[in-house]
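A.B. asks: Dumping the structure here so I can ask a few things about it.
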Amino acid sequence: MSIVRPIVSISGGKDSLACAILALEQFPDTVRFVMADTGNEHPLTLAYVNDYLTQRLNHPIEIVRAEFTREIAQKRLYVETKWSGKGVPDDIIARTLSVLQPTGNPFLDLCLWKGRFPSRMAQFCTQHLKRYPLDRYLMERVSEGGTVESWRGVRKAESERRKNALEREHMAEGYWIVQPIVEWSAQEVVDFARKRGYRHNPLYMMGMGRVGCMPCINSSKDEILAVSWRAPEHIDKIEEWESLVGMASKRGFASFLTERAEDDDETPAETFDRANIREKIRWAQTSRGGKQFDMIRTAPPPACASVYGLCE
Ligand code: SF4
Numbered sequence: 008m009s010i011v012r013p014i015v016s017i018s019g020g021k022d023s024l025a026c027a028i029l030a031l032e033q034f035p036d037t038v039r040f041v042m043a044d045t046g047n048e049h050p051l052t053l054a055y056v057n058d059y060l061t062q063r064l065n066h067p068i069e070i071v072r073a074e075f076t077r078e079i080a081q082k083r084l085y086v087e088t089k090w091s092g093k094g095v096p097d098d099i100i101a102r103t104l105s106v107l108q109p110t111g112n113p114f115l116d117l118c119l120w121k122g123r124f125p126s127r128m129a130q131f132c133t134q135h136l137k138r139y140p141l142d143r144y145l146m147e148r149v150s151e152g153g154t155v156e157s158w159r160g161v162r163k164a165e166s167e168r169r170k171n172a173l174e175r176e177h178m179a180e181g182y183w184i185v186q187p188i189v190e191w192s193a194q195e196v197v198d199f200a201r202k203r204g205y206r207h208n209p210l211y212m213m214g215m216g217r218v219g220c221m222p223c224i225n226s227s228k229d230e231i232l233a234v235s236w237r238a239p240e241h242i243d244k245i246e247e248w249e250s251l252v253g254m255a256s257k258r259g260f261a262s263f264l265t266e267r268a269e270d271d272d273e274t275p276a277e278t279f280d281r282a283n284i285r286e287k288i289r290w291a292q293t294s295r296g297g298k299q300f301d302m303i304r305t306a307p308p309p310a311c312a313s314v315y316g317l318c319e
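Every position in the sequence shown, counted from 1, becomes a number in our numbering once 7 is added.
Laid out in structure tokens, this is it:
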């Protein structure tokens, strides 16, 4: 019988932690851990994974990162040779070329290449920043032989899209996807790790319901507000990215929490004025559909604000 080699995808969150514990208990000698760093992670998540989790699991966690040097070079060539023929003014071409360079940050480079941020309708970030680098890593392991199991912290209760998730799926010769916590609730996942003496990502104690990108393009009103209070430097970062990605786009504007124009008459500049990250924070401080500032929402949050009851 071939050796089973589970590879747990670590995100720094509670679900992948539960998977890591289960895999470690069942396959202590062959388990491996890998994380895709999107370039938009909170430093506390990176420290939690690199310092705390590697020690606690007593295994290294390999980090993979997407890279867009080739795509950006191809886009530069396209802008230089084709945009003029498509009627794009010279000043816009020059502006785009001035920022269309790889920065080494996967998230920003992806958006510079695409000339826009991902959105709920076009969520290309997950694919390019997580799925592809992890799949490349997994295929390398499959080529080494044995039976590779990709362990993922997917739960049915997470979303409509995941409600039919399977616990085990045979993908190819020597390659399975294993999702051992598909039936678990969020609280069960949190409690499982705690009972085994594991610490959770400190971001959960700061009012974050999820600890992926900081912020995520799917952030709720409450999450945007929590990021603006707890990690204002990440809002500064997004503001800078909005400026750079806007310069790399033909429209000249790009908002991180992307929105379609409210009506056909709205210009890109007007959409940006309404939907840029600072405006979104102002909106997050309001209630009644954005009509009125809410005293409770504008007050500083408590020192500990875990939605999973993690505060001591
Ligand atoms: S956490 Fe959010 S922003 Fe980051 S890759 Fe996933 S969907 Fe995109």
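Here a beta-carbon is modelled for each residue, glycine too, at the ideal position from N, C-alpha and C. Just so it is clear, the structure is predicted and the values come from calculations on it, not from any experiment.
Apply the 10 Å Cβ neighbour rule to residue 186 and answer buried if 16 or more other Cβ atoms are within range, or exposed otherwise.
C.D. replies: Residue numbering aside, residue 186 sits at position 179 when the sequence shown is read from its first letter. The residue is buried, with at least 16 neighbouring Cβ atoms inside 10 Å.
A.B. asks: What is the DSSP secondary structure of residue 250, counted as helix, strand or coil?
C.D. replies: Working through the sequence shown from its first residue, we reach residue 250 at position 243. Three-state result, residue 250: helix.
A.B. asks: Closest to residue 112 by CA distance: which of 65, 292, 258 and 72 is it?
C.D. replies: For the purposes of this step, residue 112 is taken as residue 105 along the sequence shown, with counting starting at 1. Taking only the C-alpha atoms, the option nearest residue 112 is 72.
A.B. asks: Let's see if you can read the secondary structure: which residues bound the alpha helix (DSSP H) around residue 282?
C.D. replies: By one-based count along the sequence shown, residue 282 stands at place 275. It spans 275-282 - the alpha helix (DSSP H) in which residue 282 sits, taken as one unbroken run.
A.B. asks: Taking 7 Å as the cut-off, is the beta-carbon of residue 47 closer than that to any non-hydrogen atom of the ligand SF4?
C.D. replies: Stepping through the sequence shown from its first residue, residue 47 is reached at position 40. Yes, Cβ of residue 47 sits closer than 7 Å to a heavy atom of the ligand SF4.
A.B. asks: Measure how close the beta-carbons of residue 252 and residue 124 come, nearest whole angstrom, since I'm counting them as under 8 Å.
C.D. replies: The residue you call residue 252 lines up with position 245 of the sequence shown. The residue you call residue 124 lines up with position 117 of the sequence shown. Rounded to whole angstroms, the Cβ separation of residue 252 and residue 124 is 6 Å, and the two are in contact under 8 Å.
A.B. asks: Runs of 3 residues minimum, wholly inside the stretch 81-125: which ones carry the beta strand (DSSP E) assignment?
C.D. replies: none
A.B. asks: In the DSSP assignment, find the alpha helix (DSSP H) that holds residue 237 and state where it starts and stops.
C.D. replies: By one-based count along the sequence shown, residue 237 stands at place 230. Residue 237 -> alpha helix (DSSP H) spans 228-237.
A.B. asks: Less than 7 Å separating the Cβ of residue 118 from some heavy atom of the ligand SF4?
C.D. replies: One-based indexing of the sequence shown puts residue 118 at position 111. No; taking the cut-off as 7 Å, the Cβ of residue 118 has no heavy atom of the ligand SF4 nearer than that.
A.B. asks: Answer yes if the stretch 17-36 comes into contact with the stretch 188-201, meaning at least three C-beta pairs across the two stretches below 8 Å, and no otherwise.
C.D. replies: They touch, by the three-pair rule.
A.B. asks: Leaving out the 5 sequence neighbours to the left and right, which residues in its chain are closer than 8 Å to residue 59 when beta-carbon positions are compared?
C.D. replies: On the sequence shown, residue 59 is found 52 positions in, with the first residue counted as 1. Hits under 8 Å: 206.
A.B. asks: Could you name each continuous alpha helix (DSSP H) segment of 4 residues or more that falls completely within the stretch 150-191, going from the start of the chain to the end?
C.D. replies: none
A.B. asks: Going by Cα to Cα distance, which pick from 261, 285 and 288 is closest to residue 275?
C.D. replies: Against the sequence shown, residue 275 aligns to sequence position 268. It is 261.
A.B. asks: To the nearest angstrom, how far is the alpha carbon of residue 209 from that of residue 119?
C.D. replies: Locating residue 209 in the sequence shown gives position 202, counting from the first residue. Locating residue 119 in the sequence shown gives position 112, counting from the first residue. Their backbone Cα atoms lie some 31 Å apart in a straight line.
A.B. asks: What does DSSP give as the partner residues of residue 299 in its beta bridges?
C.D. replies: The residue given as residue 299 occupies position 292 in the sequence shown. Its beta-bridge partners are 294.
A.B. asks: Residue 100 to residue 164, Cα distance in whole Å?
C.D. replies: In the sequence shown, residue 100 corresponds to position 93, counting from 1. In the sequence shown, residue 164 corresponds to position 157, counting from 1. Roughly 46 Å separates the two Cα atoms.
A.B. asks: How big is the Cα-Cα spacing for residue 219 and residue 20?
C.D. replies: Indexing the sequence shown from 1 puts residue 219 at position 212. Indexing the sequence shown from 1 puts residue 20 at position 13. If you take the alpha carbons of residue 219 and residue 20, they lie about 7 Å apart.
A.B. asks: In whole angstroms, what is the alpha-carbon distance linking residue 12 and residue 114?
C.D. replies: As a position in the sequence shown, residue 12 is number 5, starting the count at 1. As a position in the sequence shown, residue 114 is number 107, starting the count at 1. Cα to Cα, the separation comes out at about 30 Å.
A.B. asks: In chain order, what residues of the same chain have a beta carbon less than 7 Å from the beta carbon of residue 175, not counting five sequence neighbours either side?
C.D. replies: Here residue 175 refers to the residue found at position 168 when the sequence shown is read from its first residue. Here the set comprises 183 and 185.
A.B. asks: Is it right to say residue 89 is buried, meaning 16 or more other beta carbons lie within 10 angstroms of its own, or is it exposed?
C.D. replies: The residue labelled residue 89 in the question sits at position 82 within the sequence shown. When all chains shown are included, residue 89 counts as exposed.
A.B. asks: Alpha carbon to alpha carbon, how far is residue 180 from residue 152?
C.D. replies: As a first step, residue 180 must be located in the sequence shown, where it is residue number 173. As a first step, residue 152 must be located in the sequence shown, where it is residue number 145. Going from the Cα of residue 180 to the Cα of residue 152 covers about 10 Å.
A.B. asks: For residue 85 and residue 47, I'd like the C-alpha separation in whole angstroms.
C.D. replies: Stepping through the sequence shown from its first residue, residue 85 is reached at position 78. Stepping through the sequence shown from its first residue, residue 47 is reached at position 40. For the pair residue 85 and residue 47, the Cα-to-Cα distance works out to about 27 Å.
A.B. asks: From 272, 189 and 256, pick the residue whose C-alpha is nearest to that of residue 116; which is it?
C.D. replies: The residue given as residue 116 occupies position 109 in the sequence shown. Nearest option by C-alpha distance: 256.
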